[in-house]
Amino acid sequence: MNYRNPAPTVDIIIELGDKPHRPIVLIERKNPPLGWAIPGGFVDYGESVETAARREAEEEVCLKVELIEQFQVYSNPNRDPRQHTLSIVFIASAKGEPQEADDAKNVGVFNYWEIPKNLCFDHDQILHDYLRYRHYHIRPLLRG
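Start counting the sequence shown at 0; every next residue gets the next number (numbering that gives the first Met the number 0).
What follows is the structure in structure tokens.
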């Protein structure tokens, strides 16, 4: 029997430094879909989502991160134009200077008012929810 299941992924909202309004790290993708994105990727077989998040952060932006919390799961079947994925989103902290690597064409550090408009996937929704959570301590509503 052949099962069609969504592919598990992780996205890591990486906050830099220890200031109250910490900037976050985004990558500009060099592979389709093109645009800016939260660092992340697919969970490997036999890997926990926490390990995948740390690995992806190191592979894409060359930062060792400390996972602060599991933020939310996003599973809209249309969130990724390539295939049905679900993403476990983490909030993490890091120190140092991010560098582009792996799937990243470019890396940027952005204050919340500077976040680019051309975000990939559902990352505009994720970052909207994250900023609302960080500023007002309101968790995102569950969507179906």
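Yeah, the Cβ is synthetic: ideal placement off N, Cα and C, and Gly gets one too. All values reported here derive from a predicted model rather than from experimental measurement.
Using alpha carbons as the reference points, say which of the options lies closest to residue i.
| i | options | result |
| --- | --- | --- |
| Glu57 | Ser74, Pro32, Gln82, Ile26 | Ile26 |
| His83 | Thr50, Ser74, Ala91, Phe89 | Ser74 |
| Phe109 | Asp10, Gly16, Val9, Asp102 | Gly16 |
| Leu62 | Asn77, Asn117, Asp101 | Asp101 |
Could you have a look at residue i and say whether DSSP puts it in helix, strand or coil?
| i | result |
| --- | --- |
| Arg131 | helix |
| Leu126 | helix |
| Arg197 | Nothing about residue 197 can be read from this structure; the chain reaches only from 0 to 143. |
| Val106 | strand |
Is it right to say residue i is buried, meaning 16 or more other beta carbons lie within 10 angstroms of its own, or is it exposed?
| i | result |
| --- | --- |
| Ile37 | buried |
| Val72 | exposed |
| His134 | exposed |
| Tyr2 | exposed |
| Trp112 | exposed |
| Pro31 | exposed |
| Glu55 | buried |
| Ala51 | buried |
| Ser47 | exposed |
| Leu118 | buried |
| Leu151 | Nothing can be reported for residue 151: it is not among the residues displayed for the chain, which extend from 0 to 143. |
Roughly how many angstroms separate the alpha carbons of residue i and residue j, rounded to a whole number?
| i | j | result |
| --- | --- | --- |
| Phe70 | Leu141 | 12 Å |
| Arg53 | Ile67 | 12 Å |
| Pro97 | Pro5 | 30 Å |
| Tyr132 | Pro139 | 7 Å |
| Ile11 | Lys29 | 18 Å |
| Met0 | Pro76 | 22 Å |
| Val9 | His122 | 12 Å |
Which residue or residues does DSSP assign as beta-bridge partners of residue i?
| i | result |
| --- | --- |
| Asp10 | Gly39, Val88 |
| Gln69 | Phe89 |
| Gly34 | Arg28 |
| Ile23 | Glu14, Phe109 |
When every heavy atom of the ligand SAM is checked, does at least one fall within less than 6 Å of the C-beta of residue i?
| i | result |
| --- | --- |
| Leu130 | The ligand SAM is absent from the structure shown, which contains no ligand whatsoever. |
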